[in-house]
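Undergrad:
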Amino acid sequence: MSRMGDVLAGFHAAWEFESDSVLIRFERGIRTPKLLQALGERRIPHEAIAAVTLTPGKRGTVVLHAVPRPGADPLMEAAAGQLKDGCDPYRLVLPAERETLAEYYADELRAQLTTGDCGPPDRYLVAAPETPLQFKAYDGKASFDGKSVAFRWFWTGASSAKWKAGDQSFLVTDLSGVEWRSPEVFEGHLRLLRRETPIAQPAQADQDPAAVVFGLGYGPVHESLPFAASVLAAVRSSGPALTPGTVPGNAPVVRRDPADIAERIRHLGELHQSGLLTDEEFSMKKAELLAEL
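Laid out in structure tokens, this is it:
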């Protein structure tokens, strides 16, 4: 392996290669995505990496990518494929003239990986963001102290259903998982999934007292995703192992009212016409809504 402590610096991060792991330090600069700034640094054990790739990037760059094993990192599990490339903490973007050096480190890192076992591990291998954590959603403030999650509703945003239910507190031991939907897409939210639910949770997050909804400036990725990851890690360490290779604790499927679907599609159309949604985003979201009928 390359000398322990060797460092490869990219545009927003530097990777330090150690005997059993890669220590990734993210820059604090204004150009660095806020999620990476919030993460600060992360240690990725070799056993948490499934593969290493080096591919051409945009505008004269190359991208070194340590592909994480499914189920190895609570942050990536919570993100469930919704992160934009620029916010992916496993990608290091370098100037194209450093490709030879990057290829050297990629080969050295590949040599350290365990071959044959790239399936989900029985526990998270990458540390979750530290608690306590909190953020403001559109309809309430979410806080997590490591043992319980609390939602405190805002009168300006919370639905009558949430006001009626009152402020909420959930013990980690009563949860089966977390559902995070990026605030950068339509209907972003954070939903807590419960182990024992006598009735099905409402399909709409704004009606579910176990969920907070995002909005413009509320629940941004760099605040809500580390929060979700930390809760997810606590849930997994507190109870039976979750089913590997799936988004933990998916909520029961609840069919929506066709009139509600039609109204939401109409709203999507308005966003599309105003230029806030691309053709592709509109088509994708419309298909998702129709699939719920």
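If you're matching positions, the sequence shown starts at 50 in this note's numbering and goes up one per residue.
Cβ atoms here follow ideal geometry from the backbone N, Cα and C, with glycine treated the same way.
Quantities reported herein were computed from a predicted structural model and do not represent experimental measurements.
Output the distance between the C-alpha atoms of residue 265 and residue 236, rounded to the nearest integer angstrom.
TA: Indexing the sequence shown from 1 puts residue 265 at position 216. Indexing the sequence shown from 1 puts residue 236 at position 187. Computed Cα separation, rounded: 11 Å.
Undergrad: Which one or two residues does DSSP pair with residue 183 in a beta bridge?
TA: Taking the first residue of the sequence shown as 1, we reach residue 183 at position 134. Looking at the DSSP assignment, residue 183 forms a beta bridge with 192.
Undergrad: Count the CB pairs spanning the stretch 241-259 and the stretch 213-228 that are closer than 8 Å, and state whether there are at least three.
TA: Yes, the stretch 241-259 touches the stretch 213-228.
Undergrad: Sort out for me which residues DSSP pairs residue 178 with in a bridge.
TA: As a first step, residue 178 is located in the sequence shown; it is residue number 129 there, counting from the start. For residue 178, which the question treats as bridged, DSSP gives no partner whatsoever.
Undergrad: According to DSSP, residue 94 sits in a beta bridge with which residue or residues?
TA: Residue mapping note: residue 94 aligns to position 45 of the sequence shown, counting from 1. Partner(s): 70.
Undergrad: Sort out for me which residues DSSP pairs residue 202 with in a bridge.
TA: Translated into the one-based positions of the sequence shown, residue 202 becomes position 153. Looking at the DSSP assignment, residue 202 forms a beta bridge with 189.
Undergrad: Taking residue 152 as the reference, which of 131, 112 and 176 has the closest Cα?
TA: As a working note, residue 152 is residue 103 in the sequence shown. Checked all of 131, 112 and 176; the closest Cα to residue 152 is 112.
Undergrad: Measure the CB-CB distance between residue 97 and residue 127 and report whether it falls below 8 Å.
TA: Translated into the one-based positions of the sequence shown, residue 97 becomes position 48. Translated into the one-based positions of the sequence shown, residue 127 becomes position 78. Not closer than 8 Å, so no.
Undergrad: Using CA coordinates, which residue listed in 196, 317 and 257 is at the minimum distance from residue 202?
TA: Taking the sequence shown and counting its residues from 1, one reaches residue 202 at position 153. Ranking 196, 317 and 257 by Cα distance to residue 202 puts 257 first.
Undergrad: Under 8 Å: do the stretch 84-100 and the stretch 194-210 share three or more Cβ pairs, one atom per stretch?
TA: No, because fewer than three Cβ pairs between the stretch 84-100 and the stretch 194-210 fall closer than 8 Å, the two stretches do not touch.
Undergrad: In or out: residue 158 buried (at least 16 other Cβ within 10 Å) or exposed?
TA: By one-based count along the sequence shown, residue 158 stands at place 109. Buried, because 16 or more other Cβ atoms sit within 10 Å of the Cβ of residue 158.
Undergrad: Per DSSP, what kind of secondary structure is residue 236 in: helix, strand or coil?
TA: Within the sequence shown, the letter at position 187 stands for residue 236. Three-state result, residue 236: coil.
Undergrad: Taking the C-alpha atoms as reference points, what is the distance between residue 73 and residue 209?
TA: Position 24 of the sequence shown holds residue 73. Position 160 of the sequence shown holds residue 209. Whole-angstrom Cα-Cα distance: 44 Å.
Undergrad: Between residue 104 and residue 217, what straight-line distance do the alpha-carbon atoms span, to the nearest angstrom?
TA: As a first step, residue 104 must be located in the sequence shown, where it is residue number 55. As a first step, residue 217 must be located in the sequence shown, where it is residue number 168. Using only the alpha carbons, I get a separation of about 46 Å.
Undergrad: How big is the Cα-Cα spacing for residue 65 and residue 90?
TA: For the purposes of this step, residue 65 is taken as the residue at position 16 of the sequence shown. For the purposes of this step, residue 90 is taken as the residue at position 41 of the sequence shown. C-alpha separation (whole angstroms): 11 Å.
Undergrad: Rank 124, 69, 76 and 340 by C-alpha distance to the C-alpha of residue 160 and give the top, closest one.
TA: The residue you call residue 160 lines up with position 111 of the sequence shown. When only C-alpha atoms are compared, the closest one is 69.
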